[in-house]
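Have a look at the structure below, then the notes.
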Amino acid sequence: MKQLITTFVFLFFSISVIAEDGSKLWLRAAHNNNAIISVNQKGPTLSIAQDELSTQWKGMPVQLHINKKKKEFQGRSPESYTIKTQGKNKILIESPTQQGLLYGAYHLLRLQETIGTKDELDILETPRYNYRLLNHWDNLDRTVERGYAGKSIWNWDELPGTISPRYKEYARANASIGINGTVLNNVNASPQILSNEYLQKVNAIAGILRPYGIKVYLSINFSSPAELGGLPTSDPLNKEVQQWWKNKADEIYKLIPDFGGFLVKANSEGLPGPQDFGRTHADGANMLADVLKPHKGIVMWRAFVYNPGDEDRAKQAYQEFMPFDGQFRDNVIIQVKNGPVDFQPREPFSPLFGAMQQTPVMAELQITQEYLGFSNHMAYLAPMWKECLDSDTYQQGEGSTVAKVTDGSIYPQKITAIAGVANIGNDVNWCGHHLAQANWYAFGRLAWNHELTSEEIVQEWVAQTFSLPINDEPNYLLSKTMLESREAVVNYMMPLGLHHLFAWGHHYGPEPWCNIPGARPDWMPSYYHKADSEGIGFNRSSTGSNAVAQYHPSLQEIYDDINTCPEALILWFHHVPWDFKMKTGSILWEELCYKYESGVQDTRYFQLIWDVLEHHIDEERFKAVQSKLKIQTRDAVWWMNACLLYFQQFSQMAIPFEVERPIYELDRLMEFRLDITNYENAMR
Ligand code: BDP
């Protein structure tokens, strides 16, 4: 990195850039053109496509053409499209559907704003997942669970009478990256969302999103029949309960004929579910699936379940769901978080991927940075998601990656889907941190095509968001910095497979020492790090909780052996002695110190690179990000000091001299309580 910086000093001589507030996201092209765009049909979606192109496209005439018969589209998603240059005077975009044409239009505009369209175009695109959804964890009072960008964008009180202009901008941004569904409310769902009053509001939002090809879905509370309907029970096998759900589904579809379906968090973290009535997850999911089926709706049933007890939390979702493989209706899909615990900065992939072979499974990724520094830290997450999607499950031989076992290319699943927990709020720049918009963007792009590289995605995002052309040095510098950012977060927070060292009450700062009397042990950091005078890490090998046995034998063997387990996950799977020799030749304690140190140093480089870019970024966004990067560096030091000083009590070893000295006292850190309502100021 250092050398890079010196070579870019010349960049100071540069253009002046107009201040921007980030509200336009990556869609900043001026709408002042008057291109010739023809269509062979009429319709609301097609007119959006036509309008987007005619006002922004700067090239030769474009024809948007519905073509249901074209050979290239046979056997492919109706959202597929082609873009072809026809001689010297026309570009033809074809698709079997208006929605495909809209995606084609955004594709062409993206090319214009990124790599250009000089070459002859011959493009065929098909989405890898049929359902590409955002999950909002938004409550009806407009608070957002794990939201760090202001209040919910859904202004429930004003709806359905007042429609915020933001809804349309939201729809447009999502359509531009191929997202075709959104769950409007929190998985910790209020029964109220299914009341007729709220359904009217949902209907109003659905009306805005529809022409952009986006369906609405709702998270439901499993006790709704009792809580909202006044029934004595919500037992899924009870006839009246079933009838209640049937009536509710009919009511919803009467209002919103293309309603997408339900997302369900049941028997998880205190929420109600079928087990409250002695029934199973399959009973619950199937009951809902049956009422949605006639309307073509789906049920996304979450596998995020775990209970306090003796069993390793990381094993519980697998244990709970594997026995029901094959017992779900064909409009049910099991929604599984990328890792077996909970969106930690690094986890192995959940062993449910690939193992459930007769039930569709979808990945749930977290765009909002609950465990990666909220909207204060720069953490570009595509590398993290790719790490999961590209992981080999080995379940059907080598190459059975998580992506392939969920996208229908290995198992013949009828529903293929992927979800991302949104990082969107009513902040002017939508995501709290200007650079966090890249995560919303990257999620959409990967949901469309998981084979895109993190690098391609970030470069095109930087090009569109800051007008920094791909292949020019500033784009390269910023992209490279962002590409390194997630690993930096891992290193200064929880390197080598450490996880859940977060403070009680929030998931922002470090509290590896946290010990709340009477609290659930699996919510305590010590449950996960298990530091003692011998070493540190959770023994999930065959001599420990044996979580490794949930993976395919080829992987199990690798993870089980401390000498072959990837070091990035070593403390996830093993309790490792402090003096264990690592691949670098250092002992574990030193390696841990070096990792923390490298995370901290990276944040300092991020600051430096950003400053080098000053004259290429408008002042408003430059200053905002500069200030966030300062917080990130302070926090990184806080994390390093807290974790190393605390774990040192167990290792009884010195911090190597190459590592910068702690600047905080452990006892002061242990007393410190972050006012989480004011996390934006973070560690001072
Ligand atoms: C955890 C969050 C909690 C969510 C839960 C979930 O801390 O707020 O409700 O996941 O996914 O990560 O249901």
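According to numbering that gives the first Met the number 0, the sequence shown holds residues 0 to 683 in order.
Every residue, glycine too, gets a C-beta built ideally from N, C-alpha and C.
E93 and Y80: beta carbons closer than 8 Å?
One-based indexing of the sequence shown puts residue 93 at position 94. One-based indexing of the sequence shown puts residue 80 at position 81. It is a contact, given that the beta carbons lie within the stated cut-off.
With DSSP as the reference, label A34 as helix, strand or coil.
For the purposes of this step, residue 34 is identified with residue 35 of the sequence shown, where counting begins at 1. In this structure, A34 counts as coil in the three-state DSSP scheme.
Under three-state DSSP, which class holds G228?
Residue numbering aside, residue 228 sits at position 229 when the sequence shown is read from its first letter. In this structure, DSSP gives G228 a state outside helix and strand, which the three-state scheme calls coil.
Would you call A418 buried or exposed, if buried means 16 or more other Cβ atoms sit within 10 Å of its Cβ?
Indexing the sequence shown from 1 puts residue 418 at position 419. Buried, by the Cβ-count rule.
Could you give the distance in angstroms between the alpha-carbon of A18 and the alpha-carbon of E659?
Within the sequence shown, residue 18 is the residue found at index 19, counting from 1. Within the sequence shown, residue 659 is the residue found at index 660, counting from 1. If I take the Cα positions, the gap works out to 37 Å.
Beta-carbon proximity check, I178 vs A441, cutoff 8 Å:
As a first step, residue 178 must be located in the sequence shown, where it is residue number 179. As a first step, residue 441 must be located in the sequence shown, where it is residue number 442. In this structure, I178 lies away from A441, with their beta-carbon atoms at least 8 Å apart.
V457 versus N33, N474, S532 and E450, residue with shortest Cα-Cα distance
Here residue 457 is taken as the residue at index 458 of the sequence shown, counted from 1. Of the candidates N33, N474, S532 and E450, N474 places its Cα closest to the Cα of V457.
For V611, three-class secondary structure by DSSP:
Taking the sequence shown and counting its residues from 1, the one referred to as residue 611 is at position 612. Looking at V611 - three-state DSSP - the assignment turns out to be helix.
With 16 as the cutoff for other CB atoms within 10 Å, does V298 come out buried or exposed?
By one-based count along the sequence shown, residue 298 stands at place 299. That one is buried.
Just verifying my parser: in three-state terms, what is the DSSP assignment at R131?
Numbered from 1 along the sequence shown, position 132 holds the residue referred to as residue 131. Three-state result, R131: strand.
In whole angstroms, what is the alpha-carbon distance linking R687 and G443?
Residue 687 lies beyond the range of the chain shown here (0 to 683); nothing can be said about it.
Flag this pair as yes or no: are the beta carbons of V489 and S478 separated by less than 8 Å?
One-based indexing of the sequence shown puts residue 489 at position 490. One-based indexing of the sequence shown puts residue 478 at position 479. In this structure, S478 does not lie closer than 8 Å to V489 by Cβ.
Who are V360's beta bridge partners in DSSP?
Here residue 360 is taken as the residue at index 361 of the sequence shown, counted from 1. DSSP, once it has assigned bridges, lists I333 as partnering V360.
Span of the alpha helix (DSSP H) holding A281?
As a working mapping, residue 281 is identified with position 282 in the sequence shown. For A281, the uninterrupted alpha helix (DSSP H) run begins and ends at H280 to L291, by DSSP.
Is any heavy atom in the ligand BDP found nearer than 7 Å to the beta carbon of D391?
For the purposes of this step, residue 391 is taken as the residue at position 392 of the sequence shown. No, the beta carbon of D391 sits no closer than 7 Å to any heavy atom of the ligand BDP.
From what residue to what residue does the beta strand (DSSP E) around M299 run?
Counting from 1 along the sequence shown, the entry for residue 299 is found at position 300. Following the DSSP letters along the chain, one finds M299 inside the beta strand (DSSP E) bounded by residues I297 to R301.
Would you check if there are 3 or more beta carbon pairs closer than 8 Å linking the region 140-150 to the region 399-417?
In short, these stretches do not touch, since the Cβ pair count stays below three.
Keeping to the same chain, check which residues put their C-beta closer than 6 Å to that of M493; ignore five residues upstream and five downstream.
As a first step, residue 493 must be located in the sequence shown, where it is residue number 494. Around M493: P344 and L500.
Coarse secondary structure for N677, derived from DSSP in three states:
Position 678 of the sequence shown, counting from 1, holds the residue named residue 677. In this structure, N677 counts as helix in the three-state DSSP scheme.
For the structure I just gave you, are there three or more beta carbon pairs, one from the region 315-326 and one from the region 362-373, closer than 8 Å?
Here the region 315-326 makes no contact with the region 362-373; the two share fewer than three CB pairs at distances below 8 Å.
Just to confirm, is the Cβ distance from Q49 to A28 under 8 Å?
Working through the sequence shown from its first residue, we reach residue 49 at position 50. Working through the sequence shown from its first residue, we reach residue 28 at position 29. For Q49 and A28, no; Cβs fall outside 8 Å.
C-beta contact flag for L673 and A518 at 8 Å:
For this step, residue 673 is matched to residue 674 along the sequence shown. For this step, residue 518 is matched to residue 519 along the sequence shown. At least 8 Å separates the beta-carbon of L673 from that of A518.
Quick check on A416: does DSSP put it in helix, strand or coil?
If you number the sequence shown from 1, residue 416 lands on position 417. Looking at A416 - three-state DSSP - the assignment turns out to be strand.
Can L133 and N184 be called in contact, C-beta distance under 8 Å?
One-based indexing of the sequence shown puts residue 133 at position 134. One-based indexing of the sequence shown puts residue 184 at position 185. No, the pair does not count as a contact, with Cβ atoms beyond the cut-off.
In terms of DSSP beta bridges, what is V143 paired with?
Here the question's residue 143 lines up with position 144 in the sequence shown. Answer is D137.
Pull up the distance between the alpha-carbon of Y169 and that of K336, whole angstroms please.
In the sequence shown, counting from the first residue as 1, residue 169 sits at position 170. In the sequence shown, counting from the first residue as 1, residue 336 sits at position 337. Their backbone Cα atoms lie some 25 Å apart in a straight line.
Applying the 10 Å Cβ sphere with the 16-neighbour rule, what's the burial state of F656?
Taking the first residue of the sequence shown as 1, we reach residue 656 at position 657. Exposed, because fewer than 16 other Cβ atoms sit within 10 Å of the Cβ of F656.
W155 and E144 closer than 8 Å at C-beta
Taking the first residue of the sequence shown as 1, we reach residue 155 at position 156. Taking the first residue of the sequence shown as 1, we reach residue 144 at position 145. Contact flag unset, no.
Give the straight-line distance between the Cα atoms of K747 and L100, rounded to the nearest whole angstrom.
Here the chain comprises residues numbered 0 to 683, so residue 747 is not present and cannot be evaluated.
Where does I630 sit, in a helix, a strand or coil, going by DSSP?
Translated into positions along the sequence shown, residue 630 becomes position 631. In the structure shown, I630 sits in a helix (DSSP, three-state: H, G or I).
Just the Cα atoms here: how many angstroms apart are S151 and L495?
The residue you call residue 151 lines up with position 152 of the sequence shown. The residue you call residue 495 lines up with position 496 of the sequence shown. If I take the Cα positions, the gap works out to 35 Å.
Under the three-state DSSP convention, the category P576 falls into
Taking the sequence shown and counting its residues from 1, the one referred to as residue 576 is at position 577. Note: P576 maps to strand in three-state DSSP.
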